[in-house]
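Here the sequence shown stands for residues 2 to 156, numbered as in the working numbering.
From the three backbone atoms N, C-alpha and C, an ideal C-beta is built for every residue, glycine too.
These figures come from a predicted structure and were not determined experimentally.
For reference, the structure is listed below as structure tokens.
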Amino acid sequence: MDEKQKWIMLTYKPPKAKTSAAKVALWRKLKKLGVYQVQDSVCVLPFSEKNMEDFQWISAEVIEIGGEASVWSIKSLSPETERELRDYFINQTNIQYQKMMIDCAEITDEKELRKLWTLFHRIKAQDYLKSPLSVEVKAVFENRMEELSNMEIKK
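This is the structure we're talking about:
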């Protein structure tokens with residue numbers, strides 16, 4: 002790796018007096034983003050303007066309810082940490098892509114395939130490091146759509 006990947010780190014401390022509903026909402030937002038949880042209240046995403054904006058919004062929400070939060074632009078200090086972070090983000094999307102290819106092969110209805118296509122775009126939004134599997138998944142979808150269309154014509 003010639004140049005180290007830039008990362009964004011969010012550190013936060015929700016207020017103790019607040020209900021768990023606020024903590025659950027925060028957890029759901031972070032889960033939806035697909036963050037790498039370094040430890041409790043510390044998470045990382047690959048740098049992008051969108052991810053920076055998402056972390057800044059979350060940080061502002063935590064502060065607004067009386068907690069503490071900050072967003073940091075960072076670079077990994079060691080090749081091992083860099084590899085661990087990259088592997089995490091690639092593996093998390095690859096697992097979803099692999100399952101999607103299996104699900105796609107089993108679908109027998111165009112409407113269900115379109116629902117899965119919508120899910121594909123949600124996963125692709127979390128594919129921060131551009132897994133090569135996304136191209137394969139797209140090809141599997143296109144082939145399956147053509148197969149289903151041909152089956153409809155024969156009916």
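K17 has its alpha-carbon roughly 42 Å from the corresponding atom of L134.
The continuous beta strand (DSSP E) containing L46 extends over residues 43-47. For I9, DSSP records a beta bridge to L46, S74. Contact check for W73 against L34 fails: the beta carbons are separated by 9 Å or more. Going by DSSP, V25 is part of the alpha helix (DSSP H) stretching over 21-34. Exposure of D41 is indicated by the presence of fewer than 16 other C-beta atoms within 10 angstroms of its C-beta.
By the Cβ neighbour-count rule, I9 is buried, with 16 or more other Cβ atoms within 10 Å of its own. The straight-line gap separating the alpha-carbon atoms of V39 and E148 is approximately 44 Å. For Y89, the enclosing alpha helix (DSSP H) starts and ends at 80-107. Within the DSSP secondary-structure output, K17 pairs in no beta bridge.
If you look at Y37, you'll find it in the beta strand (DSSP E) that goes 37-40.
When the Cα atoms are used, E69 and E54 turn out to be separated by approximately 17 Å.
Two segments are said to touch when three or more pairs of C-beta atoms, one from each, lie closer than 8 Å; by this definition the region 87-106 touches the region 123-140. Taking the Cβ atoms as the reference, V63 lies roughly 5 Å from Y13, within the contact range of under 8 Å.
Each of R123, K7, E137 was checked against the Cα of S49, and the nearest Cα belongs to K7.
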